[in-house]
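For the sequence shown, my numbering gives the first residue as 465, with consecutive numbering after it.
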Amino acid sequence: MHERWEDERLTHEREIGMAQRQVRSTDEEQLLEKAKRYLPGGTLGNTQFADDVAFVVRAGKGSKIFDMSGNAYIDYLLGSGPMILGHAHPAVVAAVREYLERGSTYFTLNEPAIHLAEAICQAVPCAEKIRFCSTGSEATFFALRAARTYTKKDKILKFEGGYHGSHDYALMSSSPTVPKDFPQAVPDSAGIPRVLEDQVLIAPFNDLETTSAIIERHHHELGGVIVEPFQRIITPRPGFLQGLREVTQRFAIPLIFDEVVTGFRLAWGGAQEYYGVVPDLAAFGKIIGGGYPLSAVVGHAEVMEAFNPDREASGDFIAQIGTLNGNPVAAVAGLATLQQLHQEGTYRQLFSMGHALRHGLADLLKRFGTAGQVVGEDPLFDVVFTDEPVNDYRGVLTQNRELLRRFNAELLKRGILKGSSKMYMSVAHTAADVEQTLTAVRESFEVMTKA
Ligand SMILES: Cc1ncc(COP(=O)(O)O)c(C=O)c1O
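Given below as structure tokens:
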């Protein structure tokens, strides 16, 4: 009964859509007050909005989410990427619902996790073996541990502006306000042991010459190189990933692709298929859990064997134990998501909607004479408000951040939800969504250029 009512209400909300934005309901006001009282900063540690536009999500369906007051938003935040099919896709909901009767977690082998392991290993070029964990941060953390175990060397090289989650090794020079000279790291968080600053070397994305020089100088102490092959929204220059592959191979340093975002998004086989460069290890998350907590380290069998408990006594064993490793409900959701993605024409649809929106955005930027460009690939991109080249983090730093903040706020007022610096596409986005979004963008630019 309740479920039917909920479905009807969502349909109704979709119909009234953005044309009649509701004032905030008392329920929603109260929830926001409680959030402020119990959650530091009133946030869950993810996207946060200014007080005047803050909202509480009630539900998501397809390309839209709905707040507690009945407003609909075309959603380009998409749960930070996992919801590539859109919210509450019927096939995913049905698969999860059916499985729930069988239990939630067992802390040992289960059927969906094994099927998902097979599906990922068959799809991803570097994946011979896989170890599941729960978050993207864990996946990169354990991929780095695997690389250090394999090489018996401690230091890690990562790229300035690259984000690999919130663990101590990852939060180095991801978003420095004042970057240091390469390869010195700037910690992004309080509470990170100072000693780790020396353990992480920082290189400029897309600058093969400088990166190679750092690797050549430090190869004797480098345990691994981790990179987002498509860094945030920055595409790799032709030859950059190939060159990185070549120099890491020359010194037998494992190359780790952080595919938490790009996995099953840029292509079925991830960025490694899309850009044609195969790393030794990769971290996956987001899409493979279909919106549930699930992530994985994948890689060449030789490196991954260190996770094998038979090695426990050898000194080369990686301890990686997780209560929810390979959680069956998340695996079911992931499998159902992958099955949908594997259907003929799915990626074509994803790319074509993204293409239309990107080009529409670029045209509007030009029409309004706003300094800016659309950076990214069709399934994930954003506007960067600068005319300087955006090939690395320092390029992004040149943008007018105030303009970006206003752009995001104006869009939100018009029922378009996006992350602070990303627009994720889903296969649920329609041509009508794109058109409505571009109308909102045009109106936003009008307001922004007037003021
Ligand atoms: C490239 C990349 N790696 C790792 C992570 C961390 O994933 P999680 O938030 O699941 O820990 C993220 C999160 O957005 C990411 O974008």
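All C-beta atoms, glycine included, are put in the ideal place defined by N, C-alpha and C.
Counting pairs of Cβ atoms below 8 Å between the segment 882-894 and the segment 540-559, do you hit three or more?
yes
Using 8 Å as the threshold, is the C-beta distance between Val-691 and Leu-708 below it?
yes
Here's the rule: buried if 16 or more other CB atoms are within 10 angstroms of the residue's CB, otherwise exposed. What is Thr-641?
exposed
Buried versus exposed call for Thr-791 [16 or more other C-beta atoms within 10 Å across all chains shown]
In the sequence under discussion, the amino acid at residue 791 is Asn, which differs from the Thr named in the question. Buried, since its Cβ has 16 or more Cβ neighbours within 10 Å.
Is the CB-CB distance between Val-556 and Ala-765 below 8 Å?
no
Using CA atoms only, rank isn't needed, just tell me which of Gly-763, Gln-784, Ala-777 and Ser-759 is closest to Phe-771.
Gln-784
Figure out for me which residue from Ile-880, Ala-747 and Gly-836 has the closest Cα to the Cα of Ser-759.
Ala-747
Contact defined as beta carbons within less than 8 Å: I believe Leu-660 pairs with Asp-618. What is the distance between those atoms, to the nearest angstrom?
Not quite, the Cβ-Cβ distance comes to about 10 Å (not below 8 Å), so this is no contact.
Determine the burial state of His-551: buried for a count of at least 16 other Cβ atoms within 10 Å of its Cβ, exposed for fewer.
buried
If you follow the alpha helix (DSSP H) that Val-793 is part of, which residue opens it and which one closes it?
792-805
Going by other Cβ atoms of all chains shown within 10 Å of its Cβ, with 16 needed for buried, is Asn-872 buried or exposed?
buried
Cβ of Ser-638 versus every heavy atom of ligand 1: is any distance shorter than 7 Å?
no
Is it the case that the Cβ atoms of Leu-564 and Gly-798 are separated by a distance below 8 Å?
no
Mind checking which residues open and close the alpha helix (DSSP H) that includes Gln-736?
734-738
Simplified DSSP state of Phe-721, which is helix, strand or coil
strand
Grouping DSSP H, G and I as helix and E and B as strand, with all else coil, what is Val-905?
helix
I need the straight-line Cα distance from Ile-698 to Arg-822, nearest angstrom please.
14 Å
Three or more C-beta pairs closer than 8 Å, one from the segment 834-844 and one from the segment 719-735: is that the case here?
yes
So, Leu-916 versus Leu-621, is the Cβ gap smaller than 8 Å?
The structure shown does not extend to residue 916, since the chain spans only 465 to 915, so no value can be given for it.
Below 8 Å on the Cβ atoms is my guess for Leu-828 versus Leu-902; work out the distance and round it to an integer in Å.
7 Å
When you compare the segment 738-755 with the segment 565-575, are there three or more beta-carbon pairs, one atom per stretch, that lie closer than 8 Å?
no
CB-CB under 6 Å to Thr-850, same chain, minus the five flanking residues each way: which ones, in chain order?
Thr-862 and Gln-863
Tyr-627 CB to nearest heavy atom of ligand 1 below 7 Å
yes
Nearest neighbour of Asp-515, chosen from Ala-523, Gly-505 and Gly-524 [CA to CA]:
Gly-505
Suppose contacts are defined by Cβ-Cβ distances below 8 Å. Is Val-560 in contact with Val-891 by that definition?
no
Sorted by chain position, which residues of the same chain lie with C-beta nearer than 8 Å to Val-898's C-beta, five sequence neighbours on each side aside?
Met-817, Ala-820, Leu-821 and Gly-824
Any idea which residues DSSP pairs Ile-538 with across the strands?
Lys-528 and Ile-880
Given this structure, state the Cα-to-Cα distance separating Ala-523 from Ala-583, to the nearest angstrom.
30 Å
CB of Asp-722 to nearest heavy atom of ligand 3: below 7 Å?
With respect to ligand 3, the structure offers nothing, as its ligand set consists of ligand 1.
For the segment 552-608, which segments carrying the alpha helix (DSSP H) assignment without a break, of at least 4 residues, lie completely within its bounds, in sequence order?
554-564 and 575-587
Just to confirm the assignment: which complete beta strand (DSSP E) runs, minimum length 3, are found wholly within the segment 806-892?
837-841 and 844-848
Which runs of the beta strand (DSSP E) at least 3 residues long sit entirely within the segment 616-676? Give them in chain order.
619-623 and 664-667
Distance, Cα to Cα, Thr-507 vs Ala-499?
7 Å
Could you tell me how far apart the beta carbons of Ala-667 and Phe-646 are, in whole angstroms, since I believe they sit closer than 8 Å?
6 Å
Can the beta-carbon of Arg-595 be found closer than 8 Å to that of Val-860?
no
Based on DSSP bridge pairs, tell me the residues matched to Val-691.
Phe-721
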